[in-house]
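**Student:** Below are the C-alpha coordinates for one structure; questions will follow.
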Amino acid sequence: ILQSIETKGWVDIENDYYQLLKVGMDSPGCNYTISELNEQFAFLQEKLIEYLHTIETDNVRNDLQNAIIDFFDPADFSTEGKKKALDSIGLNISSLADVEYNYGERDKLIPKRIMLLSFNYTKTAKMYGNFNITHNYIHGELEKPENIIFGYGDELDKSYQSILDMNDNELLRYVKSVKYLETRHYHDLLEFLLAAPFQVLIMGHSCGNSDRTLLNTVFEHENCVSIKPFYHKWEDGRDNYLELVQNISRNFTNMKLFRDRVVNKEQCKTM
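Position one of the sequence shown corresponds to residue 43 (this note's numbering), numbered consecutively onward.
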(Lines of atoms letter the chains of each structure in order from A and count residues from 1; the text may use other names and numbers.)
(Lines give C-alpha, C1' and ligand atoms only; values in the text may rest on other atoms or scores of the structure.)
Protein backbone atom coordinates (compact mmCIF):
# COMPACT_ATOMS: atom_id res chain seq x y z
CA ILE A 1 0.00 0.00 0.00
CA LEU A 2 2.74 2.44 0.95
CA GLN A 3 4.49 1.91 -2.38
CA SER A 4 1.36 2.74 -4.40
CA ILE A 5 0.10 5.78 -2.51
CA GLU A 6 1.44 8.36 -4.99
CA THR A 7 -0.53 6.93 -7.92
CA LYS A 8 -3.80 5.98 -6.19
CA GLY A 9 -6.88 7.73 -4.86
CA TRP A 10 -8.14 7.00 -1.37
CA VAL A 11 -10.91 4.69 -2.58
CA ASP A 12 -8.26 2.71 -4.49
CA ILE A 13 -6.14 2.42 -1.35
CA GLU A 14 -9.15 1.19 0.64
CA ASN A 15 -9.80 -1.41 -2.05
CA ASP A 16 -6.12 -2.43 -2.10
CA TYR A 17 -6.23 -2.82 1.66
CA TYR A 18 -9.24 -5.11 1.41
CA GLN A 19 -7.61 -7.25 -1.29
CA LEU A 20 -4.42 -7.55 0.75
CA LEU A 21 -6.49 -8.43 3.80
CA LYS A 22 -8.08 -11.33 1.93
CA VAL A 23 -4.71 -12.52 0.63
CA GLY A 24 -3.24 -12.40 4.13
CA MET A 25 -6.19 -14.33 5.49
CA ASP A 26 -6.09 -17.05 2.84
CA SER A 27 -2.31 -17.48 2.44
CA PRO A 28 -0.45 -18.88 5.47
CA GLY A 29 2.89 -18.24 3.75
CA CYS A 30 2.13 -14.56 3.09
CA ASN A 31 5.09 -12.23 3.71
CA TYR A 32 3.06 -9.91 5.98
CA THR A 33 0.73 -10.41 8.91
CA ILE A 34 -2.73 -8.87 9.26
CA SER A 35 -1.41 -6.81 12.18
CA GLU A 36 1.39 -5.42 9.99
CA LEU A 37 -1.11 -4.60 7.25
CA ASN A 38 -3.31 -2.77 9.75
CA GLU A 39 -0.31 -0.81 11.03
CA GLN A 40 0.46 0.38 7.49
CA PHE A 41 -3.16 1.34 6.96
CA ALA A 42 -3.24 3.25 10.26
CA PHE A 43 -0.11 5.14 9.17
CA LEU A 44 -1.80 6.14 5.91
CA GLN A 45 -4.84 7.35 7.82
CA GLU A 46 -2.69 9.64 9.92
CA LYS A 47 -1.03 11.07 6.81
CA LEU A 48 -4.39 11.55 5.07
CA ILE A 49 -5.73 13.48 8.06
CA GLU A 50 -2.61 15.65 8.08
CA TYR A 51 -3.06 16.35 4.38
CA LEU A 52 -6.76 17.17 4.67
CA HIS A 53 -5.99 19.78 7.34
CA THR A 54 -3.95 21.66 4.71
CA ILE A 55 -6.78 21.87 2.14
CA GLU A 56 -8.56 25.19 1.67
CA THR A 57 -12.35 24.76 1.54
CA ASP A 58 -13.60 28.33 1.21
CA ASN A 59 -15.09 28.24 -2.29
CA VAL A 60 -18.84 27.63 -2.59
CA ARG A 61 -20.02 26.67 -6.06
CA ASN A 62 -23.34 28.35 -6.74
CA ASP A 63 -24.29 25.80 -9.40
CA LEU A 64 -24.00 22.97 -6.88
CA GLN A 65 -25.84 24.95 -4.20
CA ASN A 66 -28.70 25.59 -6.63
CA ALA A 67 -28.80 21.96 -7.74
CA ILE A 68 -28.99 20.74 -4.15
CA ILE A 69 -32.04 22.86 -3.29
CA ASP A 70 -33.70 22.74 -6.72
CA PHE A 71 -37.26 21.57 -7.37
CA PHE A 72 -37.82 17.88 -7.93
CA ASP A 73 -38.26 17.05 -11.62
CA PRO A 74 -40.82 14.22 -11.95
CA ALA A 75 -39.09 13.19 -15.20
CA ASP A 76 -36.19 11.99 -13.02
CA PHE A 77 -38.36 9.59 -11.04
CA SER A 78 -38.31 5.86 -11.73
CA THR A 79 -41.36 4.32 -13.35
CA GLU A 80 -41.75 2.10 -10.30
CA GLY A 81 -41.52 4.99 -7.81
CA LYS A 82 -43.06 7.98 -9.58
CA LYS A 83 -46.63 7.54 -8.31
CA LYS A 84 -45.43 6.97 -4.75
CA ALA A 85 -43.22 10.06 -4.89
CA LEU A 86 -45.91 12.33 -6.32
CA ASP A 87 -48.59 11.01 -3.96
CA SER A 88 -46.34 11.81 -1.01
CA ILE A 89 -46.23 15.50 -1.99
CA GLY A 90 -49.86 15.70 -3.17
CA LEU A 91 -49.37 15.98 -6.94
CA ASN A 92 -50.72 14.13 -9.95
CA ILE A 93 -48.54 15.27 -12.86
CA SER A 94 -46.05 13.86 -15.34
CA SER A 95 -43.61 16.76 -15.72
CA LEU A 96 -42.60 20.17 -14.40
CA ALA A 97 -44.31 21.74 -17.40
CA ASP A 98 -47.67 20.63 -16.00
CA VAL A 99 -47.32 23.06 -13.09
CA GLU A 100 -45.10 25.72 -14.69
CA TYR A 101 -47.55 28.57 -14.10
CA ASN A 102 -49.32 27.19 -11.04
CA TYR A 103 -46.93 28.32 -8.36
CA GLY A 104 -48.92 26.83 -5.50
CA GLU A 105 -48.67 23.40 -7.06
CA ARG A 106 -45.10 23.95 -8.23
CA ASP A 107 -43.99 24.74 -4.69
CA LYS A 108 -44.96 21.21 -3.71
CA LEU A 109 -41.93 20.08 -5.72
CA ILE A 110 -39.56 21.88 -3.32
CA PRO A 111 -37.88 19.23 -1.14
CA LYS A 112 -39.14 19.49 2.43
CA ARG A 113 -36.03 17.81 3.83
CA ILE A 114 -32.54 17.43 2.38
CA MET A 115 -29.76 15.41 3.95
CA LEU A 116 -26.23 16.14 2.76
CA LEU A 117 -24.61 12.77 3.35
CA SER A 118 -20.94 13.66 3.32
CA PHE A 119 -18.21 11.08 2.73
CA ASN A 120 -15.71 13.93 2.88
CA TYR A 121 -14.02 14.59 6.22
CA THR A 122 -13.54 18.32 5.59
CA LYS A 123 -16.03 21.12 6.27
CA THR A 124 -16.94 21.43 2.56
CA ALA A 125 -20.47 20.05 2.98
CA LYS A 126 -21.30 22.54 5.75
CA MET A 127 -20.67 25.39 3.34
CA TYR A 128 -23.82 24.35 1.47
CA GLY A 129 -26.86 25.14 3.57
CA ASN A 130 -30.55 26.01 3.49
CA PHE A 131 -33.52 25.98 5.85
CA ASN A 132 -34.35 22.40 4.82
CA ILE A 133 -30.81 20.96 4.87
CA THR A 134 -29.23 18.78 7.54
CA HIS A 135 -25.65 17.55 7.38
CA ASN A 136 -24.59 13.98 8.09
CA TYR A 137 -20.87 13.27 8.21
CA ILE A 138 -21.34 9.53 7.91
CA HIS A 139 -17.58 8.86 8.05
CA GLY A 140 -16.79 11.53 10.63
CA GLU A 141 -15.11 14.92 10.33
CA LEU A 142 -11.67 16.37 10.93
CA GLU A 143 -12.81 18.28 14.03
CA LYS A 144 -13.58 14.93 15.70
CA PRO A 145 -10.72 12.64 14.62
CA GLU A 146 -11.73 9.95 17.11
CA ASN A 147 -14.89 9.30 15.06
CA ILE A 148 -13.30 9.24 11.59
CA ILE A 149 -14.05 6.02 9.69
CA PHE A 150 -11.62 4.52 7.18
CA GLY A 151 -11.51 1.02 5.77
CA TYR A 152 -13.74 -1.21 3.69
CA GLY A 153 -17.50 -1.59 3.63
CA ASP A 154 -18.36 -4.37 1.23
CA GLU A 155 -20.54 -6.98 2.90
CA LEU A 156 -21.79 -7.98 -0.57
CA ASP A 157 -18.36 -9.39 -1.41
CA LYS A 158 -18.32 -13.19 -1.48
CA SER A 159 -15.35 -13.32 0.90
CA TYR A 160 -16.95 -11.25 3.66
CA GLN A 161 -18.63 -14.19 5.39
CA SER A 162 -15.31 -16.01 5.40
CA ILE A 163 -13.76 -13.03 7.19
CA LEU A 164 -16.47 -13.21 9.85
CA ASP A 165 -16.02 -16.96 10.19
CA MET A 166 -12.31 -16.56 11.00
CA ASN A 167 -13.32 -15.23 14.45
CA ASP A 168 -10.40 -12.78 14.41
CA ASN A 169 -11.19 -9.20 15.45
CA GLU A 170 -7.99 -7.96 13.79
CA LEU A 171 -9.65 -8.76 10.44
CA LEU A 172 -12.59 -6.52 11.40
CA ARG A 173 -10.61 -3.54 12.67
CA TYR A 174 -11.42 -1.45 9.59
CA VAL A 175 -14.90 -2.70 8.71
CA LYS A 176 -17.00 0.42 8.13
CA SER A 177 -20.34 -1.15 9.04
CA VAL A 178 -18.98 -2.03 12.50
CA LYS A 179 -17.51 1.45 12.98
CA TYR A 180 -20.88 3.03 12.11
CA LEU A 181 -22.12 1.91 15.53
CA GLU A 182 -19.80 4.38 17.29
CA THR A 183 -22.03 7.36 16.40
CA ARG A 184 -25.67 8.12 15.54
CA HIS A 185 -24.89 9.05 11.94
CA TYR A 186 -25.98 5.74 10.44
CA HIS A 187 -29.24 5.64 12.41
CA ASP A 188 -29.97 9.24 11.40
CA LEU A 189 -29.54 8.18 7.78
CA LEU A 190 -31.92 5.23 8.19
CA GLU A 191 -34.55 7.46 9.78
CA PHE A 192 -34.29 9.85 6.83
CA LEU A 193 -34.63 7.01 4.31
CA LEU A 194 -37.71 5.64 6.06
CA ALA A 195 -39.47 9.01 6.38
CA ALA A 196 -40.57 9.55 2.75
CA PRO A 197 -39.70 8.81 -0.90
CA PHE A 198 -36.33 10.36 -1.76
CA GLN A 199 -34.03 11.17 -4.67
CA VAL A 200 -30.25 10.67 -4.48
CA LEU A 201 -27.98 13.32 -6.02
CA ILE A 202 -24.39 12.09 -6.40
CA MET A 203 -21.80 14.86 -6.38
CA GLY A 204 -18.14 13.89 -6.32
CA HIS A 205 -18.47 10.34 -4.97
CA SER A 206 -17.00 7.64 -7.21
CA CYS A 207 -19.45 5.02 -5.81
CA GLY A 208 -16.58 2.57 -5.49
CA ASN A 209 -16.80 -0.77 -3.74
CA SER A 210 -15.32 0.44 -0.47
CA ASP A 211 -18.72 1.97 0.39
CA ARG A 212 -20.83 -0.73 -1.25
CA THR A 213 -22.68 -1.82 1.89
CA LEU A 214 -23.92 1.69 2.65
CA LEU A 215 -24.67 2.62 -0.96
CA ASN A 216 -26.62 -0.59 -1.49
CA THR A 217 -28.73 0.26 1.57
CA VAL A 218 -29.56 3.65 0.04
CA PHE A 219 -29.90 2.72 -3.64
CA GLU A 220 -32.11 -0.35 -3.13
CA HIS A 221 -34.22 1.16 -0.35
CA GLU A 222 -37.95 0.93 -1.00
CA ASN A 223 -38.27 4.73 -0.77
CA CYS A 224 -35.53 5.49 -3.32
CA VAL A 225 -37.24 6.80 -6.47
CA SER A 226 -34.28 8.32 -8.35
CA ILE A 227 -30.47 8.33 -8.47
CA LYS A 228 -29.05 11.31 -10.34
CA PRO A 229 -25.27 11.37 -10.84
CA PHE A 230 -23.49 14.65 -11.57
CA TYR A 231 -20.57 13.80 -13.83
CA HIS A 232 -17.33 15.46 -14.92
CA LYS A 233 -16.75 16.64 -18.48
CA TRP A 234 -13.34 17.73 -19.75
CA GLU A 235 -12.32 20.26 -22.40
CA ASP A 236 -11.52 17.55 -24.94
CA GLY A 237 -15.14 16.34 -24.80
CA ARG A 238 -14.57 13.25 -22.67
CA ASP A 239 -16.73 12.63 -19.61
CA ASN A 240 -17.04 10.05 -16.85
CA TYR A 241 -20.81 9.44 -16.88
CA LEU A 242 -20.44 5.85 -18.10
CA GLU A 243 -17.70 5.05 -15.58
CA LEU A 244 -19.82 6.51 -12.80
CA VAL A 245 -22.94 4.51 -13.63
CA GLN A 246 -20.82 1.38 -14.02
CA ASN A 247 -19.63 1.92 -10.46
CA ILE A 248 -23.20 2.60 -9.33
CA SER A 249 -24.34 -0.68 -10.90
CA ARG A 250 -21.96 -2.65 -8.64
CA ASN A 251 -23.85 -1.35 -5.62
CA PHE A 252 -27.04 -3.08 -6.76
CA THR A 253 -28.10 -6.69 -6.39
CA ASN A 254 -31.28 -6.03 -8.41
CA MET A 255 -30.29 -4.80 -11.88
CA LYS A 256 -33.90 -4.07 -12.83
CA LEU A 257 -33.99 -1.46 -10.07
CA PHE A 258 -30.63 -0.10 -11.25
CA ARG A 259 -31.88 0.52 -14.79
CA ASP A 260 -35.10 2.12 -13.58
CA ARG A 261 -33.73 4.34 -10.83
CA VAL A 262 -30.57 5.79 -12.37
CA VAL A 263 -31.32 8.95 -14.37
CA ASN A 264 -30.19 8.82 -17.99
CA LYS A 265 -27.33 10.99 -19.18
CA GLU A 266 -29.56 13.38 -21.15
CA GLN A 267 -31.27 14.48 -17.92
CA CYS A 268 -28.10 14.65 -15.80
CA LYS A 269 -25.80 17.62 -15.35
CA THR A 270 -22.05 18.12 -15.20
CA MET A 271 -20.15 19.22 -12.12
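We treat Cβ as the ideally placed atom computed from N, Cα and C, and that holds for glycine.
Measure the C-alpha to C-alpha separation of Val141 and Lys124 and round it to an integer number of angstroms.
**Tutor:** For the purposes of this step, residue 141 is taken as the residue at position 99 of the sequence shown. For the purposes of this step, residue 124 is taken as the residue at position 82 of the sequence shown. Looking at the two C-alpha atoms, the distance is approximately 16 Å.
**Student:** To which residues does DSSP link His247 through a beta bridge?
**Tutor:** On the sequence shown, position 205 is the one that residue 247 refers to. Paired residues: none, contrary to the question.
**Student:** Taking 8 Å as the threshold, find out whether the region 248-262 comes into contact with the region 182-201 through three or more Cβ pairs.
**Tutor:** Yes, since at least three Cβ pairs between the region 248-262 and the region 182-201 fall closer than 8 Å, the two stretches touch.
**Student:** Give, in chain order, every unbroken run of the beta strand (DSSP E) that is at least 3 residues long and sits entirely within the region 109-166.
**Tutor:** 156-160
**Student:** Run the CB neighbour count on Phe85, radius 10 Å, all protein chains shown included, and call it buried at 16 or more, exposed below.
**Tutor:** Working through the sequence shown from its first residue, we reach residue 85 at position 43. Exposed is the call here.
**Student:** Leaving out five residues before and five after Lys311 in sequence, what residues of the same chain have Cβ atoms less than 6 Å from its Cβ?
**Tutor:** Counting from one through the sequence shown, the residue named residue 311 turns up at place 269. These residues qualify, in order along the chain: Phe272.
**Student:** Give the C-beta separation of His227 and Asn178 to the nearest angstrom, bearing in mind that I take them to be a contact with Cβ-Cβ under 8 Å.
**Tutor:** Sequence index remark: in the sequence shown, residue 227 carries index 185 (1-based). Sequence index remark: in the sequence shown, residue 178 carries index 136 (1-based). 6 Å between Cβ atoms; contact.
**Student:** What's the C-alpha gap between Leu206 and Leu214?
**Tutor:** Here residue 206 refers to the residue found at position 164 when the sequence shown is read from its first residue. Here residue 214 refers to the residue found at position 172 when the sequence shown is read from its first residue. Distance between the alpha carbons of Leu206 and Leu214: 8 Å.
**Student:** Quick one: grab the DSSP three-state call for Ser77.
**Tutor:** Here the question's residue 77 lines up with position 35 in the sequence shown. Three-state result, Ser77: helix.
**Student:** Taking all protein chains shown into account, do 16 or more other C-beta atoms lie within 10 angstroms of the C-beta of Ile156, making it buried, or fewer, making it exposed?
**Tutor:** In the sequence shown, the residue the question calls residue 156 occupies position 114. Ile156 comes out buried.
**Student:** Please classify Gln241 as buried or exposed, where buried requires at least 16 neighbouring CB atoms within 10 angstroms.
**Tutor:** Mapped onto the sequence shown, residue 241 falls at position 199. Label assigned to Gln241: buried.
**Student:** If you follow the beta strand (DSSP E) that Gly311 is part of, which residue opens it and which one closes it?
**Tutor:** Residue mapping note: residue 311 aligns to position 269 of the sequence shown, counting from 1. Checking the sequence, you will find Lys at residue 311 rather than Gly. Premise fails: Lys311 is in no beta strand (DSSP E) and is neither H nor E.
**Student:** What do you get for Phe113, buried or exposed, if any count of 16 or more other CB atoms within 10 angstroms of its CB means buried?
**Tutor:** In the sequence shown, counting from the first residue as 1, residue 113 sits at position 71. It counts as exposed.
**Student:** Is it buried or exposed for Pro187, if we count other Cβ within 10 angstroms and need 16 for buried?
**Tutor:** For this step, residue 187 is matched to residue 145 along the sequence shown. It counts as exposed.
**Student:** Using 8 Å as the Cβ pair cut-off and three pairs as the minimum, do the region 292-309 and the region 149-163 touch?
**Tutor:** no
**Student:** Got a sec? Which residues, its chain only, sit under 6 Å from Ala237 by beta carbon, not counting five neighbours each side?
**Tutor:** By 1-based counting over the sequence shown, the position of residue 237 is 195. The answer is none, since no qualifying residue turns up.
**Student:** Here's a check: name, in chain order, each residue in its chain whose Cβ is nearer than 8 Å to the Cβ of Ile190, leaving out the five neighbours to either side.
**Tutor:** Against the sequence shown, residue 190 aligns to sequence position 148. Excluding sequence neighbours, Ile190 sits near Gln87, Ile91, Tyr163, His181, Gly182, Glu183 and Leu184.
**Student:** Under a three-way DSSP split, which group does His227 fall into?
**Tutor:** Within the sequence shown, numbered from 1, the residue matching residue 227 stands at position 185. In the structure shown, His227 sits in a helix (DSSP, three-state: H, G or I).
**Student:** Restricting to Cα atoms, I'd like to know which of Lys165, Pro153 and Thr166 is closest to Phe173.
**Tutor:** If you number the sequence shown from 1, residue 173 lands on position 131. Checking every option, the nearest Cα to that of Phe173 belongs to Pro153.
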